Structures are given as C-alpha cells and as structure tokens.
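Peer 1: In my numbering, the protein residues as written are 1 to 170. Dropping the structure in here first, questions after.
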C-alpha cells in the first residue's frame, strides 16, 4: 500500500444546503458537458429527484465550499455494499485546472467516512478530460460497460481509487 500523503486545499466539504441545491441547478456547462446540467430547482422539487429529496440530500450529498463559503462543487457518496461510489461536480468556471485537487479532497473525505470501503466512480468513456483528472488523482479504469441514462444507453468506465490514503492538512 502506498504511503499516505498530506495535502492542503482551499476547500472543505460541508452539508449541502437547500440554497446550494438551488445554485447547482443554475450551473451551465458548455457542450458536450451540458449533459451534466441539472434540471431547474422547481423540476427537481416536483420530482423529489436526487438532492431535492431531503433524506437523500442529508444521507448522500455534500457541498464543497471555499474559504469564503462560496459553493465550488458537490459530491454524492452513493452507498453500495462494500463500496463508496463518488458522484461529483465542479463549478463550471472551475473546470480545467483544479479538478485533481478537488477529487483528492472528495477521496480524503470518503476515506475518513468509510475507511474500510473501496472508492469508485463512473465516467462516460468519451469524457477524456475527466478520465485524465481521475487518473491523476489516483483512480484506475477497471471495467467498461453500457448502462441506461436519461438520454439512452451510454458506455461508461468504472474507475477504482488505487492511490494512497490522503490526509488533509487543516
């Protein structure tokens, strides 16, 4: 097992508030990443979808904020038996430079929450920018498969964290 590493980051993981959820629904990613845009908050509430459901939000979702408490991203710690699956999103204007550190923060939090569990994530095979980021953060592609999405079936990689334990300097 690799030696633990300590990192210092300008963000912290916090409970995801309803106002943060509303903000997430306004984030707009450019094509082809626009498939990651959330529906409007009203639609999310009507459907009690994902973080609009207070119980799911409390149990699985967290926000990531900077030193001034501005929302920079979110994470979902999706529970699977023996595995913590990460779902994540970085604020659109933060993409393209801070992703590796962002993912390391989420891994450190997952390691702290459930140290005995494997950490994985799924990524669309065409999203090479995200795949490179996840690889730099310590993830390895372990499987490729098709699964259903709201726009039809798509091919995904499963990536498992194989890097060191990450300690956060506070």
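Heads up, the beta-carbon is just placed ideally off N, CA and C, and yes, glycines get one too. Only a predicted model underlies this, so the values are computations on that prediction, with no experimental measurement involved.
Quickly, what does DSSP pair residue 147 with across the bridge? List them, please.
Peer 2: 154, per the DSSP bridge assignment.
Peer 1: At which residue ranges does the stretch 78 to 127 contain complete alpha helix (DSSP H) runs of 4 or more residues, listed in the order of the chain?
Peer 2: Entirely contained in the stretch 78 to 127, the alpha helix (DSSP H) runs reaching 4 residues are, in chain order, 99 to 113.
Peer 1: DSSP three-state label for residue 140, please.
Peer 2: The answer is strand: DSSP assigns residue 140 an E or B state.
Peer 1: Find the nearest neighbour of residue 90 within the set 76, 82, 83 and 84, judged by alpha-carbon distance.
Peer 2: Answer by Cα proximity: 76.
Peer 1: Please classify residue 13 as buried or exposed, where buried requires at least 16 neighbouring CB atoms within 10 angstroms.
Peer 2: It counts as buried.
Peer 1: Roughly how many angstroms lie between the CA atoms of residue 103 and residue 161, to the nearest whole one?
Peer 2: The straight-line gap from Cα to Cα measures roughly 10 Å.
Peer 1: From this set, 30, 111, 125 and 64, which residue's C-alpha is nearest residue 88's C-alpha?
Peer 2: If we check each option's Cα against that of residue 88, 64 comes out closest.
Peer 1: At which residues does the alpha helix (DSSP H) containing residue 5 begin and terminate?
Peer 2: Counting along the chain, residue 5 falls outside any alpha helix (DSSP H), though it belongs to the beta strand (DSSP E) covering 5 to 7.
Peer 1: With a CB to CB cut of under 7 Å and the five nearest residues on each side skipped, what residues in its chain are close to residue 28?
Peer 2: Excluding positions up to five away in sequence, the list reads 37 and 92.
Peer 1: Going by other Cβ atoms of all chains shown within 10 Å of its Cβ, with 16 needed for buried, is residue 70 buried or exposed?
Peer 2: Its Cβ having fewer than 16 others within 10 Å, residue 70 is exposed.
Peer 1: Which of helix, strand or coil does DSSP assign to residue 29?
Peer 2: Three-state result, residue 29: coil.
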